[in-house]
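Residue numbers (our numbering), protein chains in the order written: chain D, 97 to 446; chain F, 97 to 446; chain H, 97 to 446; chain V, 97 to 446.
Glycine included, every Cβ here is placed at the ideal spot set by N, Cα and C.
Below is one structure, written out as structure tokens; comments come after it.
4 protein chains.
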Amino acid sequence: MAHNSFGNAFSITTFGESHGEALGVIIDGVESNFPIDEAALQREMDRRRPGANPAGTTRSETDKLSILSGVYEGHTTGAPIAMILSSTNQRSSDYEHLRNVFRPGHADWTYYKKWGNRDIRGGGRSSGRETSARVAAGALAKQLLEKRGIAVFGGTVQVGPIVAQERDWAHVDPILTCPDREAAGRMVALIEQVKGEKDSIGGVIECRATGLPVGLGEPAFDKIEAVLGHAVLSIGAVKGIQFGDGFGAASMRGSAFNDQRTSEGFLSNHSGGMLGGISSGQDLVLQAAIKPTSSIARAQQTVNKENETVSLTIEGRHDPCICARAVVVVEAMVAITLIDLYYTAFGRDA
Amino acid sequence: MAHNSFGNAFSITTFGESHGEALGVIIDGVESNFPIDEAALQREMDRRRPGANPAGTTRSETDKLSILSGVYEGHTTGAPIAMILSSTNQRSSDYEHLRNVFRPGHADWTYYKKWGNRDIRGGGRSSGRETSARVAAGALAKQLLEKRGIAVFGGTVQVGPIVAQERDWAHVDPILTCPDREAAGRMVALIEQVKGEKDSIGGVIECRATGLPVGLGEPAFDKIEAVLGHAVLSIGAVKGIQFGDGFGAASMRGSAFNDQRTSEGFLSNHSGGMLGGISSGQDLVLQAAIKPTSSIARAQQTVNKENETVSLTIEGRHDPCICARAVVVVEAMVAITLIDLYYTAFGRDA
Amino acid sequence: MAHNSFGNAFSITTFGESHGEALGVIIDGVESNFPIDEAALQREMDRRRPGANPAGTTRSETDKLSILSGVYEGHTTGAPIAMILSSTNQRSSDYEHLRNVFRPGHADWTYYKKWGNRDIRGGGRSSGRETSARVAAGALAKQLLEKRGIAVFGGTVQVGPIVAQERDWAHVDPILTCPDREAAGRMVALIEQVKGEKDSIGGVIECRATGLPVGLGEPAFDKIEAVLGHAVLSIGAVKGIQFGDGFGAASMRGSAFNDQRTSEGFLSNHSGGMLGGISSGQDLVLQAAIKPTSSIARAQQTVNKENETVSLTIEGRHDPCICARAVVVVEAMVAITLIDLYYTAFGRDA
Amino acid sequence: MAHNSFGNAFSITTFGESHGEALGVIIDGVESNFPIDEAALQREMDRRRPGANPAGTTRSETDKLSILSGVYEGHTTGAPIAMILSSTNQRSSDYEHLRNVFRPGHADWTYYKKWGNRDIRGGGRSSGRETSARVAAGALAKQLLEKRGIAVFGGTVQVGPIVAQERDWAHVDPILTCPDREAAGRMVALIEQVKGEKDSIGGVIECRATGLPVGLGEPAFDKIEAVLGHAVLSIGAVKGIQFGDGFGAASMRGSAFNDQRTSEGFLSNHSGGMLGGISSGQDLVLQAAIKPTSSIARAQQTVNKENETVSLTIEGRHDPCICARAVVVVEAMVAITLIDLYYTAFGRDA
């Protein structure tokens, strides 16, 4: 019931606003005596960082991560781990002119109606910057999964109408983490074009996990796809999620969709790595639909607090396509979910 | 952490197996003094019932609903409401030959590995029959929503390659609850054909809610799409969910996707009724991808407990397309989620 | 947030009213493949049963327990276990004259104000009969603990001013389960006297657990005494709980209270089996203060729904001292809590 | 299931160790647009501060509170509120000699066995310093309650054998917050004497709440005394809790204990402000048994990691009686529980 918390056995609580004093996350339930690789945590933070990516915004925030608790002499103690992020590039003045108007596609209107106030500094709590705290927790989750032989990784597989045809995960492109470098080149060119047109564009992120045991997921209501769905759909830009063949399954026959099996193993993976809501030992495959970034530098119609129609052009440095930076956020939420389900099914010592 | 429970302020717990003594649901958190319409509850049960639908199985179970607690003199008391379902048509012998073999596409294998046993009677806890308990709870949730002016309804909008083009909700077809009667005719014909070919086929169910206030959904992690995603993806046959334009948003530009607005209201509803994870007052629109039914009367390869490759043909009375009966289940999970979020945001007395 | 549920890894949900259709409990999270001893479950039910005890009421209900789900061929499957209790002795007419008046010491007034209605049939949901569902769950918890070498047992150690001086648990008296048979005789005589005077009397129940490992309890907020406190104080008649020396510690010095230790083990057990909120491997010792039964056959002042002062004499068959029957309820809540904490700390397979 | 979290509608999560980088608390669920009085928050922090109290330790930590999130322009926004505490007086070297030995009465042994490590810096997570984060949250809870006309206050009512006879809450003594100034003088003298004898002593803290509405508490399992019990028993030094007449009820008759009532109101308050687990509108009265401080400067027997018997004398600056400083912690946990139950029963806007 704490809505800024997620997870049971491995539980995270995030706090903080864009342009506030600090953002951070408390992680509760981490196994003890685990040697944290802090440098690796910071590297994950850097993947999400604006300015690191030519396809993203030109803002150059430094998300410097500090661990405040739960770690002693380099190892986890079993106590809650608090991590805090400090940002050094905040231009709150960019937002002052938005005090009275609701940006199209943004949370401005619903937050205002729900809570009766507005934190206009970069969207406050509704900002995508909140996801940096998730990335910090996800980075730790990945280390815990790695210890168990489980890898979580993803990339952009669609931008606008351009769809990746290959899945060469060993040679992803450096900008979109796309597993089809030829397609990636066209995707980046499209993003540049869209940016020039003061517009934005959507895409699809694919995330996979290998090395999973049979047994993750807790029917009836905490099936692996249900909990992963909760996790990934809690990312602001995500408008849909599918597993394995997903919506493609709608036009398939059972004889084609069912993953048959011999003593050698499964013959296909249409299900995306799960049966009956429980991981099957096959690779987890999911895709998230990413909407085009809401902030665009074109005039749009909207209303102000007096419900008068106004025209708004959003200036500032915004990502024309959020996929590049959102890959690590999707990976983080998947990793957080998987270690939570792992602890739940097998305990912290397994 | 009780994985057979779902929801917070309005919380359900289901129990029971296909072919067990009884299935049921406990609903905790219902407002007091609400006059329950028991006949309407039973009507919802009948919508899910096998045998009621020419597109479904020929089994003819009677899901007779009894209320055991929480209602006194026709009104809710505020105490937990227990509802129990009895079934009168159970052929356990149908399943005896499956004791040693794992059906493709079913939970058999993962349940066996996770819990070390098998309840072979119709799939036991993993059976779709578990959803009848959800329909009972959803039927009550609908009555509570109706009191608040909120309607939840849905229908089949795709079967195999046939996609509904219309949304004439006032004139849905009686078999698939499809809002495009012309398409519905072709869908039903396709299902009959697939059945004759001893195969099954997938589809897409759309669910909508009208009359929603602004304010449902609790960021950061309990955004309305996250909780609805959890709810709907916990239904066994669902392989994906999308909101508004969903995966279509991947190929859209921000200038097209953003729902602009004037003092008259929103000019479009690409978002599907939510902004920043909170209901916007527009209609909620979501779609669920339904996989083809796993049980088909064709020979398929699988393994037995000794991991020997075997060929399996599943006899029995199974639905060639589960969409017809799953509509009411999707509606139920959406209704349960919405009343839970409503209570959370506005309290039980609002 | 489901307030009729308790526990995390081993979670119970109770439903049902006194004089309703049925009472029951759903137990979620039970390990799979455990051979349930149904006869032993029923024996625990019989310990709580009214009429079984000369110190209790003369009502003679039969709490016949039925298992509806989660058990297959005598073993748990990992699915939720639903147990239902049927009662055969219900005199609802006994209560009709109470429809308009609030019984002193009872929940009548607060339930009416909170929920705006009254289920007058024996107190409805607030009746002590709700605890029979807890006893059913506790009986299963005891079997699961027994498998792990943990025993939970208790008895009456005070009735009115009479305090047990011995702790001869191998020879408890059959009426009050008092570990001091000499004192027990005087306690029973006092209860008879009080009954003759149309009054009731309070007491103290002690509960112990032996065989506990080090490690149960999850600081900071789920310390073993905190969770046990929650559990035991949720029993209607309990007005206080203490661990080890409890309130006696208030007048002790640290040099006397601290449990010193040598390589042979602890030299004392003032703490009652816990240190820093975690079980220490010593015996758990706790005591619960039981208030005198609220229903007495003497005239008392109270008010009716019109807030007029009225005099009320409660007829009917009521326990003059609830300790005799509450022992098994306290044991049940302790056992439920311990298996929950055990599963949490060590998993279901340990 | 996050064990460092407490509460549902008003939920706190604490983190941090004694002598770690920082301690803090995240508060989730606070109503929006509430004007926080930061100076009043700091005043509550100062009440718990060591060195502020002649009956306490001579350590003089400054618990300076900073708000990191959830507050904008002086008002709550509805986003999670993170508060962090910095301490300026930490002598970790005091503890180096304890690296290999387990202090009697402390969490050292159980923490070591449970998590396989030891944070020796002042007890790490098990330190009483963790309660400072609770006091911060409790201070906010008090402001929220005050807005609703509810006051929470408490004091020491017993130290060793000395028991307060008066309840003059308007004139409590400044050291122990004791409502009987005559007794307080003797209590303080006893504490001085005990300190001179290198010993410690226990006591009893009473906490009250006035102005409560009827309706707080959620049966069956979240009765007001159950949740308060959980809250208060999660404080390290507490060994028991009782409500109203508490253990005294054990020797009372129903005719004396029942709170009779006329149209003018209740005639007594033996129950301590609750009926059937729900607040009755009378004053809440509870008492917590406080054990003598574990750290004493006398030789005690204990074991080291090799399980060898050793003699240990704990030097350093420790409180001879923790009651003086624990009053504000008990008040905090009571206030946190009451606002949580208030939000649950009446919503955040009531």
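Residue nearest to residue i in terms of C-alpha spacing, selected from the options
i: E127(D); options: V328(V), K210(V) and E302(V); result: K210(V)
i: R217(D); options: D142(V), E242(V), D215(V) and V167(V); result: V167(V)
i: S162(V); options: G292(V), L194(V) and V121(V); result: V121(V)
i: G361(H); options: E321(H), L308(H), Q378(H) and L329(H); result: Q378(H)
i: S296(F); options: G344(F), D415(F) and A266(F); result: D415(F)
i: M370(D); options: S182(F), D204(F), I132(F) and T158(F); result: D204(F)
i: A232(D); options: L437(D), G103(D), R444(D) and T110(D); result: T110(D)
i: P257(H); options: S222(V), M348(V), K291(V) and Y438(V); result: M348(V)
i: G332(V); options: T440(V), I246(V), I132(V) and A384(V); result: A384(V)
i: G311(F); options: R421(D), Y208(D) and K335(D); result: Y208(D)
i: G437(V); options: A395(V), F249(V) and K319(V); result: The residue asked about is misnamed: residue 437(V) is Leu in this sequence, not Gly. Nearest C-alpha to L437(V): K319(V).
i: S222(H); options: R304(V), L236(V) and A316(V); result: A316(V)
Three-state secondary structure (DSSP) of residue i
i: K401(H); result: coil
i: I411(F); result: The amino acid at residue 411(F) is misidentified as Ile; the sequence shows Glu. In this structure, E411(F) counts as coil in the three-state DSSP scheme.
i: R143(F); result: helix
i: A333(V); result: coil
i: E302(V); result: strand
i: I81(D); result: No answer is possible for residue 81(D): the residues shown for chain D start at 97 and end at 446.
i: S228(H); result: helix
i: G250(F); result: strand
i: S351(D); result: helix
i: Q261(F); result: coil
i: S376(H); result: strand
i: A422(V); result: helix
i: V268(V); result: coil
i: I320(V); result: helix
i: L371(V); result: strand
Those residues which DSSP pairs with residue i across a bridge
i: A178(V); result: I122(V)
i: Y168(F); result: H171(F)
i: R357(V); result: F362(V)
i: S101(H); result: T109(H)
i: L382(V); result: C303(V) and F339(V)
i: I132(D); result: Answer is none; I132(D) lacks a bridge partner.
i: I297(D); result: R349(F)
i: V328(H); result: Paired residue(s): none; V328(H) is not in a bridge.
Chain-ordered chain C contacts of residue i [CB-CB under 9 Å]
i: R225(H); result: Within the model displayed, chain C is absent; protein chains D, F, H and V are what it includes.
The beta strand (DSSP E) enclosing residue i, as first and last residue numbers
i: E314(F); result: No beta strand (DSSP E) holds E314(F); DSSP gives it neither H nor E.
i: S162(F); result: K160 to I163
Extent of the continuous alpha helix (DSSP H) to which residue i belongs
i: I287(V); result: R277 to G292
i: K210(V); result: D204 to W211
Residue i Cβ short of 8 Å to the ligand PLP heavy atom set
i: G372(D); result: Among the ligands in the structure shown, none appear at all, so the ligand PLP cannot be discussed.
Exercise. Tell me, please, whether the region 360-367 of chain H touches the region 272-288 of chain V by the rule of three or more beta-carbon pairs shorter than 8 Å.
Key: no
Quiz item: Okay, do the region 430-444 of chain V and the region 230-245 of chain V touch, 3+ Cβ pairs below 8 Å being the bar?
Solution: yes
Quiz item: Is the number of C-beta pairs between the region 132-143 of chain D and the region 190-202 of chain D that are closer than 8 Å three or more?
Solution: no
Practice problem: Report yes or no: do three or more beta-carbon pairs, one from the region 383-398 of chain F and one from the region 335-354 of chain D, lie closer than 8 Å? | Solution: yes
Quiz prompt | Contact the region 232-245 of chain D vs the region 129-140 of chain D: 3+ CB pairs below 8 Å | solution = yes
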